[in-house]
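Chains as they are written, first to last, in my numbering: chain S, 173 to 363; chain G, 173 to 363.
Here a beta-carbon is modelled for each residue, glycine too, at the ideal position from N, C-alpha and C.
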DNA sequence: AAATGAAGTTAAACTAGTTTAATCTCTTTA
DNA sequence: TAAAGAGATTAAACTAGTTTAACTTCATTT
């Protein structure tokens, strides 16, 4: 669990007292490949920091097909934030694609830590600011680039994820069908 | 400027001292229709809270066509956040679509207020959390709904914006051409 | 009152990406 | 070693949305 405390301490400085206050609220947990950290419809009460493994966040649309919103690997946070902050049923499923180890904190504990360690609020403010900016960039790419270029950028930005995740999931993340991604790939290979 | 302080005090409680500290860092500014609050390429140094008016945030793609990322009306914050937090050239333009009055705070002052009034960090953490969740929902809608349904949802969610902004801009925001939006509208009208 | 220009509409030809369906290649398991 | 199943590929028919271009409407300027 110290891994996470060290990770946080890279952004904000923490006293020994604060480190141990934080540490006392963290728990380790393991999930097997295929297991769900959170499911659509359940209220999300915990935030998970991935120590090892791969995770996807996805939802099912009206016709029952899956759409992947994001992947998570080591050092990423996962959890349905909308559900966590409003304490209403989750829109998204969070599923492990490999055996995965996480460090978790409950929303309740997090809220009380925000009060005892105000700097922690800074850590999460900065984290979410960055997540927001990158989500906005994703909208930009979706609106102005064709699928082939989005795929190439994905490979450049997330080579680690690209190598650990099946292609039909990458297609889903990019917002195209697996068949079309396959065409794009063979077109790239021919070049 | 008290408008903004009151607005913030709805989420976090502020002492008289804190209110006046905050107030001393705020400035009013007016823009005419068509003027830019911020331009692509410039480093964003201020955050603006809209008191009156309508604003759009947009960018130009490689082929020079405009894509609207977001609209802003009364009580919304605008500014290229990516540029503001990393102090690098903005990707986006922020332009007034009507004569607009804003209350502004510089990033520098905001950063120092985060230290003197830690609760302010909470206000912005919560603000960004919500913005993040709604941006993520927008990706979901783009990936799983056809243009017609996205347009209908836009009218439901933002009737105020829909009535104040030309249709070709709504089309741009939805990620479709103005011609196709026109077809959708005539199809809805015929129903 | 005419002329200009910005916003919106309509329609035909086109294309990026989807759908359907068949085939292929691996692993995994019996 | 066969059989089952998950992931990936290919190709043909299809469709949601784009492009191009001509036309309409209405507010603004001259």
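When the cut-off is 9 Å and only beta carbons count, does residue i lie next to chain S?
i: residue 263 of chain G; result: yes
i: residue 267 of chain G; result: no
i: residue 204 of chain G; result: no
i: residue 126 of chain G; result: This structure gives no information on residue 126 of chain G, because the portion of chain G shown stretches from 173 to 363.
i: residue 271 of chain G; result: no
i: residue 257 of chain G; result: yes
i: residue 177 of chain G; result: no
i: residue 293 of chain G; result: yes
Near residue i, what residues of its chain come up, given a Cβ to Cβ distance below 8 Å and the 5 sequence neighbours on each side ignored?
i: residue 261 of chain S; result: 212, 213, 214, 215, 255
i: residue 330 of chain G; result: 243
i: residue 293 of chain S; result: 286
i: residue 327 of chain S; result: 334
i: residue 230 of chain S; result: 238, 239, 240, 241, 264, 265, 267, 344
i: residue 175 of chain S; result: 223, 275
i: residue 349 of chain G; result: 343
Mark residue i as exposed unless 16 or more other C-beta atoms lie within 10 angstroms of its C-beta, in which case mark it buried.
i: residue 235 of chain G; result: exposed
i: residue 259 of chain G; result: exposed
i: residue 267 of chain G; result: buried
i: residue 264 of chain S; result: buried
i: residue 201 of chain G; result: exposed
i: residue 276 of chain S; result: buried
i: residue 220 of chain G; result: buried
i: residue 307 of chain S; result: buried
i: residue 253 of chain G; result: buried
i: residue 356 of chain G; result: buried
i: residue 313 of chain S; result: exposed
i: residue 272 of chain S; result: buried
i: residue 245 of chain S; result: buried
i: residue 362 of chain S; result: exposed
Using a Cβ-Cβ cut-off of 7 Å (strictly less than) and excluding sequence neighbours within five positions of residue i, which residues of its own chain qualify?
i: residue 269 of chain S; result: 205, 226, 227, 228, 337
If you drop the 5 nearest sequence neighbours on each side, which residues of the same chain put their C-beta closer than 6 Å to that of residue i?
i: residue 207 of chain G; result: 268
i: residue 180 of chain G; result: 295
i: residue 289 of chain G; result: 190
i: residue 341 of chain G; result: 240
Compare the C-beta of residue i with all C-beta atoms of chain G and state if any pair is closer than 9 Å.
i: residue 239 of chain S; result: yes
i: residue 307 of chain S; result: yes
i: residue 217 of chain S; result: no
i: residue 337 of chain S; result: no
i: residue 117 of chain S; result: Absent from the structure is residue 117 of chain S, since the part of chain S shown begins at 173 and ends at 363.
i: residue 214 of chain S; result: no
i: residue 343 of chain S; result: no
contact_flag[the segment 298-307 of chain G, the segment 219-226 of chain G] where n(CB pairs < 8 Å) is 3 or more: Short answer: they don't touch.
Runs of beta strand (DSSP E) lying entirely within the segment 179-232 of chain S, each at least 3 residues, in chain order: For the segment 179-232 of chain S, whole beta strand (DSSP E) runs of length 3 or above, ordered along the chain, are 199-203, 208-210, 218-224, 227-232.
Segments assigned beta strand (DSSP E), at least 3 residues, entirely inside the segment 260-286 of chain S: The segment 260-286 of chain S contains these whole beta strand (DSSP E) runs: 265-268, 272-278.
Touching by the beta-carbon criterion (3+ pairs, under 8 Å), the segment 185-195 of chain S and the segment 300-318 of chain S: They do not touch, by the three-pair rule.
Segments assigned alpha helix (DSSP H), at least 4 residues, entirely inside the segment 305-347 of chain S: List check, alpha helix (DSSP H) in window: 319-329, 331-336, 339-346.
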